[in-house]
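Student: Numbering (UniProt numbering) for the sequence shown: 44 to 538.
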Amino acid sequence: YTSDKYPSIQRRTDLKKVSAEDVAFFRSVLPPTSVITNEDDLFTYNVDWMRKYRGRSPVVLLPKTTDQVSKLLAYCNQQRLAVVPQGGNTGLVGGGVPVFDEIVISTNLMNQVRSFDDVSGVVACDAGCILEVLDGYLGERGFMMPLDLGAKGSCHVGGNVAANAGGLRFLRYGSLHGTVLGVEAVLPDGTILDNMSTLRKDNTGYDLKQLFIGSEGTLGLVTGVTVSTPRRPNASSIAIQPSVNVAMVGVESFEKVQATFRNAKGMLSEVLSAFEFWDSHAAGLVRAHAVNKAQDPLSAPYPFYVLMETHGSNKEHDDAKLNAFLEHLMENEVVADGVVAQDEAQIKSLWSMRESIPEACSKAGAVYKYDVSIPVPKLYELVEDMRSRLESMGLMGDLVKDVIGYGHMGDGNLHLNITASTYDKRVTDAIEPYVYEWVASHNGSISAEHGLGLMKAHHIGYSKSAAMVNLMQQIKQLVDPNGIMNPYKYFPERA
Ligand code: FAD
Ligand code: 2HG
Ligand code: ZN
Numbered sequence: 044y045t046s047d048k049y050p051s052i053q054r055r056t057d058l059k060k061v062s063a064e065d066v067a068f069f070r071s072v073l074p075p076t077s078v079i080t081n082e083d084d085l086f087t088y089n090v091d092w093m094r095k096y097r098g099r100s101p102v103v104l105l106p107k108t109t110d111q112v113s114k115l116l117a118y119c120n121q122q123r124l125a126v127v128p129q130g131g132n133t134g135l136v137g138g139g140v141p142v143f144d145e146i147v148i149s150t151n152l153m154n155q156v157r158s159f160d161d162v163s164g165v166v167a168c169d170a171g172c173i174l175e176v177l178d179g180y181l182g183e184r185g186f187m188m189p190l191d192l193g194a195k196g197s198c199h200v201g202g203n204v205a206a207n208a209g210g211l212r213f214l215r216y217g218s219l220h221g222t223v224l225g226v227e228a229v230l231p232d233g234t235i236l237d238n239m240s241t242l243r244k245d246n247t248g249y250d251l252k253q254l255f256i257g258s259e260g261t262l263g264l265v266t267g268v269t270v271s272t273p274r275r276p277n278a279s280s281i282a283i284q285p286s287v288n289v290a291m292v293g294v295e296s297f298e299k300v301q302a303t304f305r306n307a308k309g310m311l312s313e314v315l316s317a318f319e320f321w322d323s324h325a326a327g328l329v330r331a332h333a334v335n336k337a338q339d340p341l342s343a344p345y346p347f348y349v350l351m352e353t354h355g356s357n358k359e360h361d362d363a364k365l366n367a368f369l370e371h372l373m374e375n376e377v378v379a380d381g382v383v384a385q386d387e388a389q390i391k392s393l394w395s396m397r398e399s400i401p402e403a404c405s406k407a408g409a410v411y412k413y414d415v416s417i418p419v420p421k422l423y424e425l426v427e428d429m430r431s432r433l434e435s436m437g438l439m440g441d442l443v444k445d446v447i448g449y450g451h452m453g454d455g456n457l458h459l460n461i462t463a464s465t466y467d468k469r470v471t472d473a474i475e476p477y478v479y480e481w482v483a484s485h486n487g488s489i490s491a492e493h494g495l496g497l498m499k500a501h502h503i504g505y506s507k508s509a510a511m512v513n514l515m516q517q518i519k520q521l522v523d524p525n526g527i528m529n530p531y532k533y534f535p536e537r538a
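(1) If I follow the unbroken alpha helix (DSSP H) through S71, where does it start and stop?
(2) Taking T462 as the reference, which of A473, A510, S149 and K406 has the closest Cα?
(3) Is the CB-CB distance between G448 and Y423 below 8 Å?
(4) With a threshold of 8 Å on Cβ separation, who are the neighbours of T87 within its own chain once the five nearest residues in sequence on each side are excluded?
(5) So what does G381 bridge to, in DSSP terms?
(6) Using C-beta distances below 6 Å, list every residue in its chain close to R330, excluding the 5 sequence neighbours before and after it, in chain order.
(7) Go to A167, then tell me how far its beta strand (DSSP E) extends in each direction, as first and last residue.
(8) Going by the DSSP bridge assignment, what does T269 pair with across the sheet?
(9) Between which residues of its own chain and P530 is the CB-CB distance below 8 Å, once the five residues before and five after are set aside?
(10) Enumerate in chain order the residues of its own chain whose CB-to-CB distance from G209 is below 6 Å, with the five nearest sequence positions on each side excluded.
(11) With a 10 Å radius around its C-beta and 16 neighbouring C-beta atoms as the bar for buried, classify S51 as buried or exposed.
(12) Can G487 be considered in contact with ligand 3, in the sense that its beta carbon sits closer than 7 Å to one or more heavy atoms?
(13) By Cβ distance below 7 Å, which residues in the same chain neighbour M239 in space, the five residues on each side in sequence not counted?
(14) Hey, quick one: how far does the alpha helix (DSSP H) through R330 stretch, first residue to last?
(15) If I measure Cβ to Cβ from Y479 and keep anything under 7 Å in the same chain, skipping five residues before and after, which residues do I get?
(16) Verify whether the separation of the beta carbon atoms of residue 540 and L438 is less than 8 Å.
(17) Count the C-beta pairs between the region 248-258 and the region 318-335 that are closer than 8 Å, then say yes if the count reaches three, no if not.
(18) Using a Cβ distance threshold of 8 Å, determine whether the region 290-301 contacts the region 192-210, with at least three qualifying pairs required.
(19) With N288 and D362 assumed to form a contact (beta carbons below 8 Å), what rounded beta-carbon distance in angstroms separates them?
(20) My output table needs one value for R184: the three-state DSSP class, helix, strand or coil.
(21) Taking 8 Å as the limit between beta carbons, can you name the residues of its chain near P418, skipping five residues before and five after?
(22) Any residue with its Cβ nearer than 7 Å to a heavy atom of ligand 3 should be included. What is that list in chain order?
(23) Compute the minimum distance between the beta carbon of A206 and the heavy atoms of ligand 4, and state whether it is under 7 Å.
(24) Is the CB-CB distance between G260 and A205 below 8 Å?
(25) Quick check on V162: buried or exposed, where buried means 16 or more other Cβ atoms within 10 Å of its Cβ?
(26) Output yes or no for whether 8 Å exceeds the beta carbon distance between G171 and G130.
(27) How big is the Cα-Cα spacing for Y411 and S464?
(28) Does the beta carbon of residue 546 fall short of 7 Å from some heavy atom of ligand 2?
(29) Compute the distance between the beta-carbons of R215 and H354, then report whether it is under 8 Å.
(30) Specify, as a first and last residue, the run of the alpha helix (DSSP H) that Q129 falls within.
(31) With distance defined between alpha-carbon atoms, name the residue in I148, P74, S77 and V136 nearest to I527.
(32) Regarding L135 and ligand 2, is the C-beta to nearest heavy atom distance less than 7 Å?
(33) Is P401 near ligand 2, judged by its Cβ being under 7 Å from some heavy atom?
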């Protein structure tokens, strides 16, 4: 747990410990069931999805309204009580759980859709709406969330915004920095910053909402968001023919994965909505663990797999494009084998192969996750280098089980997962800082989409200059002068 892995982090002595009076105050703001102090119930809020990070928060608060959040934060700020905002607790960098005894404020009960406009497609909702539930709400109205990811059944839209999650369709629908139109956030002193704009264009002053997108709970607690949502290509309410296609292909080399991508961009162009790849190690784990009953539909194992999706508005047109594209790949021996989903169930089944990879990687006992952006031609080299390195250091076997590469190829985003029987300092030391140096030397980013959290707070310098980190710390100081919001995370605390 945390204390074993981050022995250098000391609990800040300027932060107060929670007292009985504090709990009594929380109970004056929230109903009794929304102030959790029971050890068993606290556990799930204190431990992260990977079971890698664990804090010891003595109290979890479940506000329902922005006003309650404001009262709670104002009190915590005045009392110097540290706070960790938490959504669905699916983050992968230890950012959403306490390090020591910080109070968790969870958005679990803040789950109402506030409004939806079916002309502009703008939805306004509470931060605690579960991504999949919100997407279902939009689906009934012929729209969809621009963001999709494997944790959709648990993650909250506020958590997505706080983490600036990327996901499976970033390639097509873009970053939350573009699709989020407004944010409502509560600052540490209790100020409610109401920027729930529904406007696509608004050049009046600094775009403050952008500060909260990707701030990982270090500046305030996001209580509401407005999102510009696209039409859903498979919605029956759309008059023109709905169209979604998913194809999965087996490929012999990473060069051929790149050739497939180059062709997809050229031949599927405007309808291409996802381009995901994974290696044979990932496929092997999914096969072995059959998470969510995911099954490899291709007859032979291949070194690489690619999943491509198209979203369009005219099925005949999209089918023709996809067929011409696949024929071209086969004729030119770019891909070795492939399948095209014939119905909704097969679409889900192909996607589940890809979406099950993180969970399959967790089955070994421990998993080290690195989420990096690197220029596409170099993307897989890091996986190969890491595999050779761990082999040459004699760590593969009882300790390190496998080195896996997959990710959002279309965005130059690699997920390097290293599975092990247990979290062990020898493994950490073999991987870090090697992996960060490798990425920096290729002008990459050490966090493409998962954020910095606790894991990378002290490594931000590999991707951002000292001047940039300094400005970030000044902004933090201005917004959160007492440093109560998600301490120990994101970047090194200023002395
Ligand atoms: P949490 O984990 O609860 O929190 C994440 C961070 O945001 C923490 O720092 C927390 O303090 C802060 N935070 C949470 N809510 C608020 C709030 N309301 N206000 C202020 N700060 C807040 N990420 C991707 O980018 N792309 C993927 O494809 C992807 N796939 C995933 C698949 C799986 C199976 C899993 C487990 C995770 C995946 N992730 C992915 C990681 C990811 O960041 C998230 O799942 C998601 O965005 C986190 O949302 P959450 O509600 O669970 O946030
Ligand atoms: C994904 O793309 C997620 O599946 C998780 O971002 C990646 O677990 C990982 O490393
Ligand atoms: Zn990802």
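Ideal placement from N, C-alpha and C gives every residue a C-beta, glycine not left out.
Owing to the predicted nature of the structure, the values given are computational and were not obtained by experimental measurement.
Tutor: Based on what the coordinates show:
(1) Residue numbering aside, residue 71 sits at position 28 when the sequence shown is read from its first letter. Counting along the chain, the alpha helix (DSSP H) containing S71 begins and ends at A63 to V72.
(2) In the sequence shown, the residue the question calls residue 462 occupies position 419. Here the closest residue by C-alpha is K406.
(3) Indexing the sequence shown from 1 puts residue 448 at position 405. Indexing the sequence shown from 1 puts residue 423 at position 380. Their beta carbons are under 8 Å apart, which means G448 touches Y423 by this criterion.
(4) Locating residue 87 in the sequence shown gives position 44, counting from the first residue. In chain order, N132 place their CB closer than 8 Å to the CB of T87, counting only its own chain and leaving out the 5 sequence neighbours on each side.
(5) Residue mapping note: residue 381 aligns to position 338 of the sequence shown, counting from 1. Per DSSP, the beta-bridge partners of G381 are V292.
(6) Here residue 330 refers to the residue found at position 287 when the sequence shown is read from its first residue. Excluding positions up to five away in sequence, the list reads D339.
(7) Residue numbering aside, residue 167 sits at position 124 when the sequence shown is read from its first letter. Segment V165 to D169, the beta strand (DSSP E) holding A167.
(8) As a position in the sequence shown, residue 269 is number 226, starting the count at 1. According to DSSP, T269 bridges with A167 and G225.
(9) Here residue 530 refers to the residue found at position 487 when the sequence shown is read from its first residue. Short of 8 Å from the beta carbon of P530, and not among the five residues preceding or following it, lie these beta carbons of its own chain, in chain order: R55, L58, A125, V142, E145 and E536.
(10) For the purposes of this step, residue 209 is identified with residue 166 of the sequence shown, where counting begins at 1. For G209, where only same-chain residues beyond five positions count, the Cβ hits under 6 Å are E492.
(11) On the sequence shown, position 8 is the one that residue 51 refers to. Counting Cβ neighbours within 10 Å, S51 comes out exposed, since fewer than 16 surround it.
(12) By one-based count along the sequence shown, residue 487 stands at place 444. Of the heavy atoms belonging to ligand 3, none sits nearer than 7 Å to the Cβ of G487.
(13) Mapped onto the sequence shown, residue 239 falls at position 196. A167, G225, E227, G267 and T269.
(14) The count along the sequence shown starts at 1 and reaches residue 330 at position 287. In the DSSP assignment, R330 falls within the unbroken alpha helix (DSSP H) covering S323 to H332.
(15) The residue you call residue 479 lines up with position 436 of the sequence shown. Cβ within range, chain order: I489, H502 and Y505.
(16) Not covered by the structure: residue 540. The range shown for the chain is 44 to 538.
(17) They do not touch, by the three-pair rule.
(18) Not touching, per the Cβ criterion.
(19) By one-based count along the sequence shown, residue 288 stands at place 245. By one-based count along the sequence shown, residue 362 stands at place 319. The pair is a contact, with the Cβ atoms about 7 Å apart (cut-off 8 Å).
(20) Along the sequence shown, read from residue 1 onward, the residue named residue 184 stands at position 141. Look at R184 here: in three-state DSSP terms it is coil, with no helix or strand label.
(21) Within the sequence shown, numbered from 1, the residue matching residue 418 stands at position 375. Apart from the 5 residues on each side of it in sequence, P418 sits with its Cβ closer than 8 Å to the Cβ of G455, H485, N486 and G487 in its chain, given in chain order.
(22) This criterion selects L192, G209, G210, D414, G450, H451, N456, H458 and E492.
(23) Ligands in the displayed structure: ligand 1, ligand 2 and ligand 3; ligand 4 is not one of them.
(24) As a first step, residue 260 is located in the sequence shown; it is residue number 217 there, counting from the start. As a first step, residue 205 is located in the sequence shown; it is residue number 162 there, counting from the start. Cβ atoms of G260 and A205: closer than 8 Å.
(25) Counting from 1 along the sequence shown, the entry for residue 162 is found at position 119. So V162 counts as exposed.
(26) Taking the sequence shown and counting its residues from 1, one reaches residue 171 at position 128. Taking the sequence shown and counting its residues from 1, one reaches residue 130 at position 87. Cβ distance < 8 Å, so G171 and G130 count as in contact.
(27) Residue 411 sits at position 368 when you count from the first residue of the sequence shown. Residue 464 sits at position 421 when you count from the first residue of the sequence shown. Going by the C-alpha atoms only, they are around 11 Å apart.
(28) Because the chain is modelled from 44 through 538, residue 546 falls outside the range shown and cannot be assessed.
(29) Here residue 215 refers to the residue found at position 172 when the sequence shown is read from its first residue. Here residue 354 refers to the residue found at position 311 when the sequence shown is read from its first residue. Yes, these two residues count as a Cβ contact at 8 Å.
(30) As a working mapping, residue 129 is identified with position 86 in the sequence shown. In the DSSP annotation of this structure, Q129 is not part of any alpha helix (DSSP H); the continuous beta strand (DSSP E) holding it starts and ends at V126 to Q129.
(31) By one-based count along the sequence shown, residue 527 stands at place 484. Comparing Cα positions, the closest option is I148.
(32) Position 92 of the sequence shown, counting from 1, holds the residue named residue 135. At least one heavy atom of ligand 2 lies less than 7 Å from the C-beta of L135.
(33) Walking along the sequence shown from the start, residue 401 turns up at place 358. Yes, the Cβ of P401 comes within 7 Å of a heavy atom of ligand 2.
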